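Asker: Got a structure here, written out as structure tokens. Questions coming.
Residue numbers (this note's numbering): 216 to 533.
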């Protein structure tokens with residue numbers, strides 16, 4: 216079993232208010248044993264009561280094998296997971312987690328621009344430390360509604376000084392993306408995490424100026440999982456020896472699970488990567504928010520919770 220498939224029962228050894236409506240949780244094994252390794256950009260699946268699963272980025276030190284840290288923004292308009300954490304999870308609580316998994320890995324580069332909006336700072340935190348340790352040039356552009364809402368902001372400025380550009384919206388307005396992106400060297404990598412409008416603005420600017428695409432971590436799906444034009448198709452499960460029909464109004468994941476085939480899944484929105492499955496034959500209709508354009512073109516894998524088929528038949532490694 217790989218680390219991303221491993222389910223762990225951990226204890227909350229610390230809880231701290233990091234900003235308005237943001238709490239951090241420190242998690243450790245009850246026996247104090249070593250936790251699985253992880254790299255900057257990784258996240259956990261938090262398995263909460265009533266079958267609720269949510270993904271939270273690891274924002275501590277990857278070298279620390281004794282504890283993990285996540286931060287949770289309470290979202291009033293959310294689906295209930297963050298409210299459950301804020302209202303019920305205290306120091307000493309036991310939590311079941313799965314992971315870590317990394318769909319937002321930091322790749323080597325001589326220089327970086329990190330762009331964070333609100334709670335999107337969490338996966339960026341260990342990236343800053345890694346870039347600093349590697350001797351890379353980097354800048355963080357960090358926006359939020361107000362200073363009070365921007366978790367970890369004071370500590371970032373104290374640690375990294377003027378490499379950190381704090382831009383609370385109530386003081387500075389919207390982030391000056393053009394001002395930062397236009398001046399970047401061609402070999403600079405751009406990493407961005409935050410609300411959908413911020414990610415879309417960065418993506419549009421990179422496309423318009425011919426920059427290499429930025430790398431994103433998304434909280435919400437980029438494309439609809441289903442459309443009025445969806446139709447049924449066949450999926451062959453190579454290892455299981457099964458051939459199934461995926462109806463127009465059901466996902467591959469729902470169809471496979473309904474046939475009794477056990478597969479890992481979590482968000483069911485194409486944002487976490489848990490259900491990524493190798494494609495052996497056929498052309499997927501990619502509707503996830505994770506794969507790059509190059510990965511979509513290659514079609515070596517697909518997220519079976521949302522993606523479908525462009526033809527009549529897919530063969531999957533299931």
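Note that the Cβ used here is the ideal one computed from N, Cα and C, for glycine as well.
A quick note: this is a predicted structure, and the numbers were derived from the prediction, not measured.
What are the boundary residues of the beta strand (DSSP E) that residue 472 is part of?
Answerer: Note, residue 472: premise wrong, no beta strand (DSSP E); alpha helix (DSSP H) at 467-473.
Asker: If residue 284 and residue 241 are in contact, beta carbons under 8 Å, what's the gap, nearest whole angstrom?
Answerer: Their Cβ separation, rounded to whole angstroms, is 5 Å, which keeps residue 284 and residue 241 in contact under 8 Å.
Asker: To the nearest whole angstrom, what separates the beta carbons of residue 504 and residue 486, a pair I think is in contact under 8 Å?
Answerer: Yes, residue 504 and residue 486 are in contact; Cβ-Cβ is about 5 Å, under 8 Å.
Asker: How about residue 328 and residue 405: do their beta carbons lie closer than 7 Å?
Answerer: Their beta carbons are under 7 Å apart, which means residue 328 touches residue 405 by this criterion.
Asker: Would you kindly check if the distance between the Cβ of residue 497 and the Cβ of residue 566 is under 7 Å?
Answerer: There is simply no residue 566 to check, as the chain begins at 216 and stops at 533 in what is shown.
Asker: Please report the distance separating the alpha-carbon of residue 355 from that of residue 391.
Answerer: Distance between the alpha carbons of residue 355 and residue 391 is about 12 Å.
Asker: With DSSP run on the structure shown, which of helix, strand or coil describes residue 237?
Answerer: Strand, per DSSP.
Asker: Per DSSP, residue 270 forms a beta bridge with which residues?
Answerer: DSSP, once it has assigned bridges, lists 260 as partnering residue 270.
Asker: With 16 other CB atoms within 10 Å as the buried threshold, where does residue 331 fall?
Answerer: Residue 331 should be labelled buried.
Asker: Following the continuous beta strand (DSSP E) through residue 327, name the residue where it begins and the one where it ends.
Answerer: Residues 326-332.
Asker: So, using beta-carbon positions, are residue 352 and residue 230 closer together than 7 Å?
Answerer: It is not a contact, given that the beta carbons lie outside the stated cut-off.
Asker: Using the C-alpha atoms, what's the distance from residue 401 back to residue 348?
Answerer: Roughly 22 Å between the two C-alpha positions.
Asker: Return the chain-ordered list of same chain residues with a C-beta closer than 6 Å to the C-beta of residue 511, the five sequence neighbours on each side being excluded.
Answerer: Cβ within range, chain order: 501.
Asker: Output needed for residue 447: all residues of its chain with C-beta closer than 8 Å, excluding positions within five of it in sequence on either side, in chain order.
Answerer: For residue 447, where only same-chain residues beyond five positions count, the Cβ hits under 8 Å are 460, 461, 462 and 463.
Asker: Do the segment 258-273 and the segment 333-342 touch if we need at least three Cβ pairs shorter than 8 Å?
Answerer: The answer is yes - the segment 333-342 touches the segment 258-273, with three or more Cβ pairs under 8 Å.
Asker: Are the segment 243-259 and the segment 277-291 touching, with three or more C-beta to C-beta distances below 8 Å?
Answerer: Yes, since at least three Cβ pairs between the segment 243-259 and the segment 277-291 fall closer than 8 Å, the two stretches touch.
Asker: Is the number of C-beta pairs between the segment 363-376 and the segment 296-313 that are closer than 8 Å three or more?
Answerer: At 8 Å Cβ cutoff, the stretches do not touch.
Asker: Starting from residue 522, follow the alpha helix (DSSP H) in both directions and report where the run begins and ends.
Answerer: Neither: residue 522 is in no alpha helix (DSSP H) and is coded neither H nor E.
Asker: Quick test of your reading: residue 481 and residue 533, contact by CB under 8 Å. State the CB separation rounded to the nearest angstrom.
Answerer: In fact, because the Cβ distance is near 17 Å, the residues do not count as touching under 8 Å.
Asker: Grouping DSSP H, G and I as helix and E and B as strand, with all else coil, what is residue 478?
Answerer: Residue state, collapsed to three classes: coil.
Asker: Whose C-alpha, out of 277, 334, 449 and 324, is nearest the C-alpha of residue 317?
Answerer: The shortest Cα separation from residue 317 among 277, 334, 449 and 324 belongs to 277.
Asker: What are the boundary residues of the beta strand (DSSP E) that residue 315 is part of?
Answerer: Note, residue 315: beta strand (DSSP E), 309-316.
Asker: Roughly how many angstroms separate the alpha carbons of residue 217 and residue 388, rounded to a whole number?
Answerer: In this predicted model, residue 217 has a pLDDT of only 41, less than 50, meaning its place in the structure is not dependable; the value taken from the coordinates is given anyway. Cα-Cα distance, rounded: 44 Å.
Asker: Excluding the 5 residues flanking residue 429 on each side, which residues of the same chain have their C-beta closer than 6 Å to its C-beta?
Answerer: Cβ within range, chain order: 405, 407, 417 and 421.
Asker: With a threshold of 16 other CB atoms inside 10 Å of the CB of residue 234, please say whether the residue is buried or exposed.
Answerer: By the neighbour-count rule (16 or more Cβ atoms within 10 Å), residue 234 is buried.
Asker: Going by other Cβ atoms of all chains shown within 10 Å of its Cβ, with 16 needed for buried, is residue 291 buried or exposed?
Answerer: So residue 291 ends up on the exposed side.
Asker: Where does residue 432 land, buried or exposed, given buried means 16+ other C-beta within 10 angstroms?
Answerer: By the 10 Å Cβ count, residue 432 comes out buried.
Asker: Please state if the CB of residue 256 and the CB of residue 319 are separated by a distance shorter than 7 Å.
Answerer: Yes, they are a contact pair.
Asker: Find out if the Cβ-Cβ distance for the pair residue 289, residue 236 is shorter than 7 Å.
Answerer: Contact flag set, yes.
Asker: Run through the segment 363-413 for me and flag every whole alpha helix (DSSP H) of 4 or more residues, listed as ranges in chain order.
Answerer: Entirely contained in the segment 363-413, the alpha helix (DSSP H) runs reaching 4 residues are, in chain order, 368-375, 384-387 and 392-396.
Asker: From the DSSP output, in three-state form, read off residue 297 for me.
Answerer: Residue 297: helix per DSSP, three-state reduction.
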